[in-house]
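Just so we're aligned, residue 9 is where the sequence shown starts under the working numbering, counting upward by one. Data first, discussion second: the structure below is written as structure tokens.
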Amino acid sequence: MSDNPSMAQQATHLDLVSAAERVGGNEALREMLPMLQEMLERDAPVIDVLLAQGDAPGAGKLLHSLKGCMPIFCHEPLCNGVAALELQAKSGQLDAVRSGYATLRPQLLALQHEISAYMGA
9 MSDNPSMAQQ ATHLDLVSAA ERVGGNEALR EMLPMLQEML ERDAPVIDVL LAQGDAPGAG
69 KLLHSLKGCM PIFCHEPLCN GVAALELQAK SGQLDAVRSG YATLRPQLLA LQHEISAYMG
129 A
């Protein structure tokens with residue numbers, strides 16, 4: 009369980025209870041979450057640029073990396089959103105990926121804020 013129960017209840021995208029169980033407790037979670045935070049900070053802006061340049065496959069590679077770690081830390085709807093976009097990018101559906109990422113990007117930003125709030129608690 010989260011070492012901050014109110015944070016666990018407030019988090020929309022970050023599944024603190026399940027994540028702590030998956031990684032072996034809150035201490036391990038606090039050690040691992042910065043990796044996800046760094047990935048989001050590094051990759052989300054690059055995905056923006058790649059999609060603006062029309063590079064769906066490039067964006068898909070970064071979405072694939074995110075898809076791989078999201079189920080460890082996040083609630084299923086966000087994981088499913090990343091997975092769906094990665095498949096669309098892989099199949100070259102640029103307009104669909106752009107549209108979907110426009111919806112997903114604020115959720116990824118909210119996830120970053122949730123991680124920061126948890127790490128600061």
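Note that the Cβ used here is the ideal one computed from N, Cα and C, for glycine as well.
With a threshold of 16 other CB atoms inside 10 Å of the CB of residue i, please say whether the residue is buried or exposed.
i, result
"E94", "buried"
"Q61", "exposed"
"G138", "What the structure shows of the chain is the stretch from 9 to 129, and residue 138 is not part of that stretch, so it cannot be assessed."
"L116", "buried"
"G68", "buried"
"E147", "The structure shown does not extend to residue 147, since the chain is modelled only from 9 through 129, so no value can be given for it."
Comparing C-alpha positions only, which one of the options sits nearest to residue i?
i, options, result
"R38", "E49, C87 and L22", "L22"
"A19", "M40, G76, E84 and D56", "E84"
Chain B beta carbons: is any one of them nearer than 8 Å to that of residue i?
i, result
"V31", "In the structure shown, chain B cannot be found, because there is only a single protein chain."
Report the partner residues of residue i according to the DSSP bridge assignment.
i, result
"L102", "According to DSSP, which records beta bridges pairwise, L102 is partnered with nothing at all."
"L22", "C82"
Is residue i near the ligand GTP, with its Cβ less than 7 Å from a heavy atom?
i, result
"L37", "In the structure on display, the ligand GTP does not appear, and there are no ligands present to speak of."
Worksheet entry | Whole alpha helix (DSSP H) elements within the segment 71-117, 4-residue minimum | 84-98
Worksheet item: With contact counted as at least three CB pairs below 8 Å, one residue from each stretch, are the segment 35-49 and the segment 95-113 in contact?
Response: Counting Cβ pairs under 8 Å, fewer than three are found: no touch.
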